[in-house]
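Residue 1 is where the sequence shown starts when you use full-length UniProt numbering, and the numbers rise one by one after that.
Ideal placement from N, C-alpha and C gives every residue a C-beta, glycine not left out.
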Amino acid sequence: MKIEGNSNSETQIIDSIGYPKKFKTANEIITASKNLSNQLFQIGYFEHQIAEPLKVNDSTFFFKYNLKNNSNTILLHIKDADLEFVPLGFKSSSNQFTIETKQLQSFMEELLKKLEVNGYSLAKAQLINIQTQNNKISADLYINKQAKRNINDIVVLGYDKFPKGHLKNIQRINRNRTFTKLNLENIYNDFNKLPFVKQTKYPEILFTPDSTKIYVYLEKAKSNQFDGFIGFSNDEDSKIIFNGYVDLLLQNAINSGEKIFLYWKNDGNQQATFNIGLEIPYLFKTPITLKSELNIFKQDSTFQNTKTAIDLGYLFNYNTRAYVGYQSTQSGTIQNTSSPLINDFNNAFFTTQFEFKDFKFDDFLFPEKTNLNLKFGTGERTTLIDTQKQYFISMNATHIFNLNENNSIQLNSENFYLKSDTYIINELFRFGGIRSIRGFNENSLQGSLFTSLLTEYRYTFSSGFYAHTVIDYGYFEDKSTNNSASLLGLGIGFGLFTKNGLFNIVYANGNEKNQEFKLSNSIVHISFKSRF
């Protein structure tokens, strides 16, 4: 294709804009000519004309342009009813105003954006009645708003058993909202927050004369997780003792959005832990959620704690929740080992809790970007001697700072405080291990106060492999023994993502402040989480 103007200067202007010269079909040539006309219009050649294309030969088309007058400004006339949609930077008190030609493109784009934000997503705007008078260009700004659009329904395709409660609440939040690109993106993000589904493509819109429907395309994702091993050994009396651990998470196994978790660990000697819990969101298709938990902890032949908790919550959205609840613990000494520091007790607390999570489920290595859990409880503890008022506060917070594609820093803080007049060992908060401050055996430490900052610098070599440092600091106070100490855990680790799951190994050395550094204090933490 070849294009010329009425003069050499006009041809130079056309060449300076630029246009493709080779095409596969005649339709592509016509499209390119229209695109050039739009560009000429944007730089002030409102009256330019195009002669009929001349076919020079079988492979060449020739276009002749008459650019006519160029204008640096244009006077626009607009209906009074449409003045509210004029972009802020171009506002005028009257229904006519002048703008620079070079601003015309951005003006039209901002105008359509404002119409879209107000629900006129199918609106069109164009300049008509373009006239020249005294070398000045004027035009009427014609806006065809069409019908205002609100979201009427959200339809899920591809996953027929998608939980009805989750869908109803996403519909409840978004129904009758003004249809905009931003609200469409919000719906897309709402479904992305659900760990048990993935979207196969971006939502689509169906406009009918009287409704606007959003179609969301989903498929069930592998969101269940398992980590663990089981072994056995003999005790001093030649009895078989099971040891090992199991960490199991089931999500949406029966297509109701429920969550079931189970954790069991037995080191075969000192400690045994068993946790099981159930969480049911969107009860009766409402924003109400219910969760319950049972925790059993046994310390060798000294004591056993059994804690139960039940919470009723409200979901602001799937990842933001508030709870009120009740929890109680029954603790019994074993083999009549009661003492002033270890004693039988019962406690009960009324609790409030706030949770926030932010996930990126397409990130297989680090899916959890942010996690915040705040909990407060007030109640009392009863022993054979007396009853005392107590309260506790706990906070766990995690966030990943992505520095660039390969480098990131994870900050994690675990904190707990128990206020009481007196303390006994078997009611204290227990910590240490791969889920807490690393370099120490799991749950080997205890305190009425614990605060920590747990850090990792991570370098990602590929989408399936990363290495990281371990720098963990903690401080605890044990009021039952009037003991306190600063803790430091240092180490390195790496993670490897395979088709079977994520393998993680950490080598860390844990020491108390002013304690001599010994390699013998080092601990290797190993985990392997598989998804199914």
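| Item | Value |
| --- | --- |
| Compare the Cα-Cα distances from Gln12 to each of Gly501, Pro281, Tyr65 and Val86 and report the closest residue. | Tyr65 |
| Mind checking who Phe503 pairs with in its DSSP beta bridge? | Leu496 and Phe528 |
| DSSP state of Asp140, grouped into three classes? | strand |
| I think Glu47 touches Asn69, with their Cβ atoms under 8 Å apart; what is that distance to the nearest whole Å? | 6 Å |
| Specify, as a first and last residue, the run of the alpha helix (DSSP H) that Thr11 falls within. | Asn8 to Ile17 |
| Could you tell me whether the segment 314–321 touches the segment 189–206, using the rule of 3 or more Cβ pairs below 8 Å? | yes |
| Drop a sphere of 10 angstroms on the beta-carbon of Asp229, count the other beta-carbons inside from all chains shown, and report buried for 16 or more, exposed for fewer. | Just to set this straight, residue 229 is Phe in the shown sequence, not Asp. Result: exposed. |
| For Ala348 and Gly379, which I take to be in contact (beta-carbon distance under 8 Å), what is that distance rounded to the nearest angstrom? | 5 Å |
| Let me know if Ala81 comes out buried or exposed under the rule of 16 or more other beta-carbons within 10 Å of its beta-carbon. | exposed |
| My guess is that Gly491 and Asn504 are in contact by the Cβ rule of under 8 Å, so how many angstroms apart are they, rounded? | So it is not a contact: roughly 12 Å between Cβ atoms. |
| List the whole-angstrom C-beta distance separating Leu372 from Ala397, where the pair is believed to meet the contact cut-off of C-beta under 8 Å. | 5 Å |
| With DSSP run on the structure shown, which of helix, strand or coil describes Leu83? | helix |
| Looking only at C-alpha atoms, which of Ile14, Asn144, Phe62 and Leu454 sits nearest to Ile29? | Phe62 |
| Is the Cβ-Cβ distance between Leu341 and Ser256 less than 8 Å? | no |
| Taking DSSP's pairing of strands, which residues face Ser486 in a bridge? | Tyr475 |
| Do the CB positions of Arg430 and Asn441 come within less than 8 Å of each other? | no |
| Cβ of Ser294 within 8 Å of Cβ of Asp344? | Per the sequence shown, the amino acid found at residue 294 is Leu instead of Ser. Contact flag unset, no. |
| Would you mind listing the alpha helix (DSSP H) stretches within the segment 98–153 that are 4+ residues and don't spill past its ends, in chain order? | 104–117 |
| Using CA atoms only, rank isn't needed, just tell me which of Thr208, Glu258, Ile128 and Glu368 is closest to Phe162. | Glu258 |
| Are there 16 or more other CB atoms within 10 angstroms of the CB of Pro287, so buried, or fewer, so exposed? | buried |
| Are the beta-carbon atoms of Glu357 and Ile400 separated by less than 8 Å? | A quick correction: the sequence has Lys, not Glu, at residue 357. Contact flag unset, no. |
| In angstroms with no decimal places, state the Cα-to-Cα distance between Gln390 and Ser223. | 38 Å |
| If you follow the alpha helix (DSSP H) that Phe461 is part of, which residue opens it and which one closes it? | Per DSSP, Phe461 belongs to no alpha helix (DSSP H); it is in the beta strand (DSSP E), Leu449 to Ser462. |
| Among Phe497, Lys499, Phe476 and Asn482, which residue has its Cα nearest to the Cα of Leu488? | Phe476 |
| Strictly under 8 Å for the Cβ-Cβ distance: is Gln146 near chain B by that measure? | In the displayed structure, chain B is absent; only one protein chain is listed. |
| Can you tell me whether Lys201 is buried or exposed? The criterion is at least 16 other CB atoms within 10 Å of its CB, across all chains shown. | exposed |
| Give the range of the alpha helix (DSSP H) segment to which Gln335 is assigned. | Element bounds for Gln335: n/a, residue is neither H nor E. |
| Taking the DSSP output, what are the residues bridged to Gln271? | Gln299 |
| Taking the beta strand (DSSP E) that Arg430 belongs to, which residues open and close that run? | Phe429 to Phe431 |
| Leaving aside the five residues before and after Lys360 along the sequence, list all residues of the same chain whose C-beta is less than 7 Å from its C-beta, in chain order. | Pro367 and Lys369 |
| Can you list, in chain order, the residues of its chain with a C-beta nearer than 6 Å to that of Asp140? Leave out the 5 residues immediately preceding and following it. | His77, Ile128 and Asn129 |
| Quick check: the segment 299–314 against the segment 174–193, are at least 3 beta-carbon pairs closer than 8 Å? | no |
| Within the continuous beta strand (DSSP E) that includes Ala26, where are the two ends? | No beta strand (DSSP E) holds Ala26; the alpha helix (DSSP H) holding it covers Ala26 to Gln42. |
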